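Mapping of the sequence shown onto UniProt numbering: residues 1 to 204, in sequence order.
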Amino acid sequence: MSSTRDENQAARVTRTGVAARACRVKGLILDRDGTLIAHVPYLADPAQVALLPGVHDGLRVALDAGLALFLHSNQSGVGRGYYPLAAVEACNRRMIELLNLGEQPFARICIAPEAPDQPSRYRKPSPAFLREILAEHGWRADELCCIGDRALDLQVAAHTGARAIGVATGLENLQAEMTAAGLQGVFPVFDRFDAAIQHVLSLT
Ligand SMILES: [Mg+2]
Numbered sequence: 001m002s003s004t005r006d007e008n009q010a011a012r013v014t015r016t017g018v019a020a021r022a023c024r025v026k027g028l029i030l031d032r033d034g035t036l037i038a039h040v041p042y043l044a045d046p047a048q049v050a051l052l053p054g055v056h057d058g059l060r061v062a063l064d065a066g067l068a069l070f071l072h073s074n075q076s077g078v079g080r081g082y083y084p085l086a087a088v089e090a091c092n093r094r095m096i097e098l099l100n101l102g103e104q105p106f107a108r109i110c111i112a113p114e115a116p117d118q119p120s121r122y123r124k125p126s127p128a129f130l131r132e133i134l135a136e137h138g139w140r141a142d143e144l145c146c147i148g149d150r151a152l153d154l155q156v157a158a159h160t161g162a163r164a165i166g167v168a169t170g171l172e173n174l175q176a177e178m179t180a181a182g183l184q185g186v187f188p189v190f191d192r193f194d195a196a197i198q199h200v201l202s203l204t
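Shown next, in the form of structure tokens:
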């Protein structure tokens with residue numbers, strides 16, 4: 001029976017290895033609220049940070065496959081004066097603590113603190129952060145994949161030729177938003193974050 005276990009082990013190693021080698025995507029731009037953590041509107045209290053199902057395992061698999069992780073979050077609560085940027089950063093620290101994937105699993109973190117009516121370089125759907133990553137790493141657009149729970153997370157990719165995946169784990173109806181934004185059928189949508197990561201690893 002030990003030979004069966006060995007064969008199973010070999011098959012798992014091979015599958016993982018093939019997925020990692022064949023994956024064209026080199027980096028993920030990840031939304032925070034509704035994607036990595038439960039969406040609490042205008043979250044400012046680290047005690048309310050809660051990881052969504054499959055997020056820890058999905059990010060572990062992505063890191064093991066050699067993908068770089070980038071965090072990109074609109075935080076209009078800062079621009080509206082509801083809470084300071086320091087509260088956003090405290091919630092990020094709590095999320096990273098709960099992830100337990102090392103001191104800093106994200107290669108870069110981009111917070112857009114402006115309200116929608118304020119001028120902003122980075123507020124999604126602005127592709128400015130994505131373009132900076134491409135320039136910094138010398139990657140093609142399709143080597144980056146945006147993952148988020150809102151249409152505007154996916155619009156970042158639609159404007160640039162990058163890939164994108166929706167996760168229906170937020171507060172809004174993502175499919176309805178995608179239809180309104182003309183993105184229905186353009187990008188896949190999954191019900192769990194780890195399923196989205198498995199899809200990323202299957203992309204060639
Ligand atoms: Mg979100």
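Here a beta-carbon is modelled for each residue, glycine too, at the ideal position from N, C-alpha and C.
All of these numbers come straight from a predicted model, not from anything done at the bench.
Q.
Give me the residue from 95, 78 and 100 with the minimum Cα distance to residue 60.
A. Position 60 of the sequence shown, counted from the start, is the residue given in the question as residue 60. Nearest C-alpha to residue 60: 100.
Q: In the DSSP assignment, find the alpha helix (DSSP H) that holds residue 272 and state where it starts and stops.
A: Residue coverage of the chain in this structure runs from 1 to 204, which leaves residue 272 outside it and unanswerable.
Q. Just the residues with CB closer than 7 Å to a heavy atom of ligand 1, in chain order, which are they?
A. Chain-ordered list of matching residues: 31, 32, 33, 34, 35, 39, 148, 149, 150, 153 and 170.
Q.
Tell me which residue opens and which closes the alpha helix (DSSP H) that residue 197 is part of.
A. Counting from 1 along the sequence shown, the entry for residue 197 is found at position 197. Element bounds for residue 197: 193-202.
**Q.** 3 or more residues per run - each beta strand (DSSP E) lying fully within the segment 18-75
**A.** Listed in chain order, the complete beta strand (DSSP E) runs (minimum 3 residues) inside the segment 18-75 are 27-30 and 68-74.
Q: Could you work out which residue in 180, 193, 125 and 192 is closest to residue 160 when comparing CA atoms only?
A: In the sequence shown, counting from the first residue as 1, residue 160 sits at position 160. Looking at the Cα atoms, 125 is the closest of the given residues.
Q | Coil, strand or helix - residue 129 by DSSP | A | Locating residue 129 in the sequence shown gives position 129, where the first residue counts as 1. Correct three-state label for residue 129: helix.
Q. Hey, residue 66 and residue 139 are a contact pair by Cβ (cut 8 Å); roughly how many whole angstroms apart?
A. As a first step, residue 66 is located in the sequence shown; it is residue number 66 there, counting from the start. As a first step, residue 139 is located in the sequence shown; it is residue number 139 there, counting from the start. Taking C-beta atoms under 8 Å as the contact rule, residue 66 and residue 139 fail to qualify, at a distance of about 13 Å.
Q | Separation of residue 78 from residue 187, as counted between CA atoms | A | For the purposes of this step, residue 187 is identified with residue 187 of the sequence shown, where counting begins at 1. For the purposes of this step, residue 78 is identified with residue 78 of the sequence shown, where counting begins at 1. One C-alpha to the other measures close to 30 Å.
Q.
Please report the distance separating the alpha-carbon of residue 107 from that of residue 143.
A. On the sequence shown, position 107 is the one that residue 107 refers to. On the sequence shown, position 143 is the one that residue 143 refers to. Cα to Cα, the separation comes out at about 15 Å.
(Q) Considering Cα atoms alone, identify which of 145, 73 and 162 is closest to residue 111. (A) By 1-based counting over the sequence shown, the position of residue 111 is 111. Per the Cα distances, 73.
**Q.** CA nearest to the CA of residue 25, picked from 98, 35, 68 and 80
**A.** Counting from one through the sequence shown, the residue named residue 25 turns up at place 25. In this structure, 68 is the residue among 98, 35, 68 and 80 with its C-alpha nearest to the C-alpha of residue 25.
**Q.** Distance CB(residue 31)-CB(residue 147) smaller than 8 Å
**A.** In the sequence shown, residue 31 corresponds to position 31, counting from 1. In the sequence shown, residue 147 corresponds to position 147, counting from 1. Their beta carbons are under 8 Å apart, which means residue 31 touches residue 147 by this criterion.
(Q) Am I right that residue 199 and residue 190 are in contact with their C-beta atoms under 8 Å? What's the rounded C-beta distance? (A) As a first step, residue 199 is located in the sequence shown; it is residue number 199 there, counting from the start. As a first step, residue 190 is located in the sequence shown; it is residue number 190 there, counting from the start. In this structure residue 199 is in contact with residue 190, their Cβ atoms being roughly 7 Å apart against a cut-off of 8 Å.
Q | Beta-carbon contacts of residue 114 that lie in its chain and below 6 Å, excluding the five residues immediately before and after | A | Taking the first residue of the sequence shown as position 1, residue 114 is located at position 114. Excluding sequence positions up to five before and after residue 114, its CB lies within less than 6 Å of the CB of 79, 120 and 123, all in the same chain and listed in chain order.
Q. If you drop the 5 nearest sequence neighbours on each side, which residues of the same chain put their C-beta closer than 8 Å to that of residue 10?
A. As a first step, residue 10 is located in the sequence shown; it is residue number 10 there, counting from the start. Residue placement at residue 10 is flagged as unreliable, the pLDDT there being 37, under the threshold of 50; the coordinate-derived value follows with that caveat. Same-chain partners within the cutoff: there are none.
**Q.** Pairwise C-alpha distance: residue 64 and residue 34
**A.** Taking the sequence shown and counting its residues from 1, the one referred to as residue 34 is at position 34. Taking the sequence shown and counting its residues from 1, the one referred to as residue 64 is at position 64. Looking at the backbone, the Cα of residue 34 and that of residue 64 are separated by about 24 Å.
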